[in-house]
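Let me begin by presenting the structure, written as structure tokens, before commenting on it.
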Amino acid sequence: MKIAVASRDGISVAGRISKCKSWIVFQSGAAGSGLVDQQQIKLVEMIVLPREQVLQYYQDDMPHPLAECDAVIGASADENLVNMIALRGINAVLTAETDPVKAVAGYLSQ
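So for the sequence shown, our numbering puts the first residue at 625; every next one is plus one.
Pasting the structure below:
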């Protein structure tokens, strides 16, 4: 499972998913299995989106670097964005957690 976390600084979870251009992508095989050991969560890559691929500007006519992710995590997102990415099979997850790895572990533990 691939999960992208919105992060402006590469250290903490960012606010609005739609406006974030920097993402930390994690990989984990542990989904829905109760408590998740953070060591099972591996950082895969850091992505910096060009303006036209930031989700609030994105148009359907081009590929997107986050398209392979199963979920995106951030502190907030509007309903239109949640619906737009859900149509692509991506789950938008909102969290109050500021640590990206803990946010991913929390999502995987659900």
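The C-beta atom is built at its ideal place from N, Cα and C for all residues, glycine as well.
Quick check: what's the CA-CA separation for A699 versus G653? In a straight line, the C-alpha of A699 is about 24 Å away from that of G653.
Using the C-alpha atoms, what's the distance from E692 back to V604? Residue 604 falls outside the range modelled here, since the chain spans only 625 to 734, and no answer is possible.
Segment contact, 8 Å Cβ cut-off, at least three pairs: the stretch 713 to 723 with the stretch 642 to 650: Under the three-pair Cβ rule at 8 Å, the stretch 713 to 723 does not count as touching the stretch 642 to 650.
Please tell me whether I641 and A710 are closer than 8 Å, where the distance is taken between their beta carbons. no
Report the three-state DSSP secondary structure of M670 (helix, strand or coil). strand
Would you identify the three-state DSSP class for L732, choosing helix, strand or coil? L732 falls in the helix class under three-state DSSP.
How close, in whole Å, do the beta carbons of L679 and L705 come, if the pair is a contact with beta carbons under 8 Å? 6 Å
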